[in-house]
Each structure stands twice: as structure tokens, then as C-alpha cells.
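Each remark here refers to the structure printed beneath this line.
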Ligand SMILES: Cc1cc2nc3c(=O)[nH]c(=O)nc-3n(C[C@H](O)[C@H](O)[C@H](O)COP(=O)(O)O)c2cc1C
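Numbering (our numbering), first residue to last: 15 to 368.
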């Protein structure tokens, strides 16, 4: 199977040389759609790519040309941050439980069955680079396409909540100035142990940070990326979070990869002893992500909150896309599958699904 991201190479090699897309002669015709509204903007479809695979403007340009309409620029920070050492991405065999998942070299012939795990640590170029690169990305996109820029804070040990909020707001303001149509504040990362990976679990902190970001970006639409609420009080925590951010956020992107131990068959952690657990994605997380979207939609509707939903998790076919629309999503974003299915957007559009 051809992959646009080379998992045997480093992040920086992929950043410089990627994406390895099939030649432009092989770009399928992009089926025309009726425009739809998402976050107050008219877009060609409700289909896009979640924060992660699109490392820079070159990646955005390549995928925009293949019919992906909602394009998320991988999470950026207020200061440069190195990527964790490779490997950063592995294909895995996984069951639906909560135990370890196991790396596999033998890839299924059927891309719709693929699951994988990533561990990058949210690297970032310095703001001087990404502020210019976002402008290049925006210029490379077509009509009816939306640029979503994902931002995160980089808290130090003794930072107050206000400092965390200001750091998010600074990144969000820079991204807005650079041309982002939408800001996505990443409140969840399964691969970082520091505070920015778990903001969404604290409703009060989420509310305060969201208010500060809103002050920094004016009317620019704001999405918040969250993870699963995993304990018994799941529904209550989700409700508290949604209430805390409604009014300042315009929507929620759910769900980030689900954290599990990622091991070789002999028990060695794939990403090294420091990162035994990492974010799992693809087929194995689709069902829980659909359930999370359905629950969020029920709360939003019953409590009349003004929040859109961008669904993420295991979409690699038109049927997966339809699952999320039926669960109440306003948009559907693919995280890992566009790496091995770069023309999935055309396929889903051709079936008149969006
Ligand atoms: C290569 C890669 C890098 C990722 N990096 C980020 C990131 O920087 N910020 C973020 O919010 N999510 C990141 N993610 C998570 C995706 O946005 C998405 O939540 C996850 O892949 C689940 O979707 P999927 O099952 O369609 O792959 C990354 C995913 C992949 C595959």
C-alpha cells in the first residue's frame, strides 16, 4: 500500500519532503457538491482532515487539490518544539478493549480495517515560520475550502491557569492574523503528560481558557478538540464541559486518539519506555467515537447550547462518514486514513454522501 507519510523516516524528513502523493496526472475528477454551511461559512462539503497529517502548507496544498475541503493545519505552539524521536507512527492490531495494542508489519489488504498509533509529542516550528506558512497554506486553497489551524499552549511547571490561557490566546491570535478561517484549540493529547494534554477534563479551566482565547481572536470561529471522557461520570463531565465553553466556543472537535499501551509482541513499548501509552486511531476507535458524538449531540440539543460538532475517529469509507452524520455531526474529519487513502474525499463525494 502506498502511504503519503513515510513511517520509516523522521518527522523532519516528512516535513521537508512530503507528502508522497500519487502524481498529479492521477488526481481523480472532484465531484461537484452543493455548498453547505459550517461555522457560518459556505464550504464545498462537510468533509476534511483532522489536525495531524497536514504538517505544513505543502501538505495542505496537496490534499486541497484532491477534494478535501476542511483542512486542519497540524497543532502549533508559541515556541519551537522538537518531535519525539522516531518511530512516531505504527500500524497496530487491536481489540476493542482497554488493554495493550500490538504493532504489526503485515498490513491488511483492506484499508478500511486499519488501525494505527502515533506518538509525536506535538512538535512545532517556531512562530516566525508557521505564521508565514499558514498564509502560504491559505493562498494554496480553493474556493469553498476552510483552513482550520490547531493551537496548543506549552505550559511550564509553575504556570498559572491565566498564563496557560494567555499562551493559547497568543497562538490563536497569530494564527488568525496569518489567515486561519477557524481556530481549533487542542485541549487533549494522548501523548503528552503535561497539562495541555488534559485541559478538557477540567470544565472550569476549559471555560476560563476558552474565554481568554475568544478575547484574542474576535469573531473568528473557535473549535475545541477534546478526548473521550473515560470514567463512570463520563456523561456528567461532558455536560459540564459543554456548558463551561458554550458562548465562547463555536464548536467541539471530538474525539482525539484514544490512549492505550502500544507494544511489540515481545512486550517492548513501540515508542520507547518513556511513552508506553499513545494515541490509537483508525478502525478500532470508530464505534466509541460515534457514541461520543451521539452523546454530545443529545446534550447540545436538549440544553439548547450553540455548539457545532466536528466528528473524528476511524473514518475510512462513506459508511463511516454516514455513521457520524446520523449521530449528529455537522462536519466529519479524517485523521489517519488520508495517509493511505488520499483520494477518499473524492470517493465519498462521488457517492453523493456529502
Ligand atoms: C500523524 C498524526 C498526527 C497527529 N497530530 C495531532 C495533533 O498535532 N493535534 C491534534 O489535535 N491531533 C493530532 N492527531 C490526532 C487526529 O487529529 C485524530 O484525532 C486521530 O487521528 C483520530 O482520527 P482517525 O481515527 O481518523 O485517525 C494526529 C493524528 C495523526 C494520524
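By construction, the Cβ of each residue, glycine as well, lies at the ideal position given by its N, Cα and C atoms.
CB contact flag (residue i, residue j, <8 Å)
i: residue 242; j: residue 302; result: yes
i: residue 296; j: residue 350; result: yes
i: residue 77; j: residue 85; result: yes
i: residue 194; j: residue 230; result: no
i: residue 202; j: residue 240; result: yes
i: residue 87; j: residue 162; result: yes
i: residue 189; j: residue 165; result: yes
i: residue 274; j: residue 114; result: yes
i: residue 106; j: residue 117; result: yes
i: residue 225; j: residue 262; result: yes
i: residue 97; j: residue 143; result: no
i: residue 293; j: residue 270; result: yes
i: residue 359; j: residue 82; result: yes
i: residue 171; j: residue 346; result: no
i: residue 28; j: residue 20; result: yes
i: residue 252; j: residue 310; result: yes
i: residue 63; j: residue 352; result: yes
i: residue 376; j: residue 104; result: No answer is possible for residue 376: it lies beyond the span of the chain, which begins at 15 and ends at 368.
i: residue 168; j: residue 181; result: yes
i: residue 307; j: residue 323; result: yes
i: residue 260; j: residue 218; result: no
i: residue 92; j: residue 141; result: yes
Three-way DSSP call (helix, strand, coil) for residue i in this model
i: residue 283; result: strand
i: residue 253; result: helix
i: residue 158; result: coil
i: residue 102; result: coil
i: residue 318; result: coil
i: residue 219; result: helix
i: residue 148; result: helix
i: residue 49; result: coil
i: residue 196; result: strand
i: residue 163; result: strand
i: residue 23; result: coil
i: residue 262; result: coil
i: residue 79; result: coil
i: residue 107; result: strand
i: residue 124; result: coil
i: residue 288; result: helix
i: residue 229; result: helix
i: residue 309; result: helix
i: residue 202; result: coil
i: residue 71; result: helix
i: residue 224; result: helix
i: residue 43; result: coil
i: residue 34; result: coil
Check: residue i C-beta below 7 Å from any heavy atom of ligand 1
i: residue 65; result: yes
i: residue 103; result: yes
i: residue 132; result: yes
i: residue 293; result: yes
i: residue 168; result: no
i: residue 50; result: no
i: residue 72; result: no
i: residue 270; result: yes
i: residue 200; result: yes
i: residue 160; result: no
i: residue 304; result: no
i: residue 296; result: yes
i: residue 348; result: yes
i: residue 136; result: yes
i: residue 299; result: yes
i: residue 327; result: yes
i: residue 127; result: no
i: residue 224; result: no
i: residue 351; result: yes
Delimiting residues of the alpha helix (DSSP H) encompassing residue i
i: residue 85; result: Run containing residue 85: none in the alpha helix (DSSP H); it sits in the beta strand (DSSP E), 84-90.
i: residue 358; result: 358-364
i: residue 178; result: 175-192
i: residue 170; result: Note, residue 170: premise wrong, no alpha helix (DSSP H); not H, not E.
Counterpart residues of residue i in DSSP-defined beta bridges
i: residue 59; result: DSSP lists no partner for residue 59.
i: residue 348; result: 63
i: residue 267; result: 239, 324
i: residue 295; result: 130
i: residue 138; result: 95
Near ligand 3: residue i beta-carbon under 7 Å from a heavy atom
i: residue 115; result: As for ligand 3, it is missing from this structure, which binds only ligand 1.
Host beta strand (DSSP E) of residue i (start-end)
i: residue 333; result: From DSSP, residue 333 is part of no beta strand (DSSP E) but of the alpha helix (DSSP H) over 332-341.
i: residue 272; result: 272-277
i: residue 117; result: 115-117
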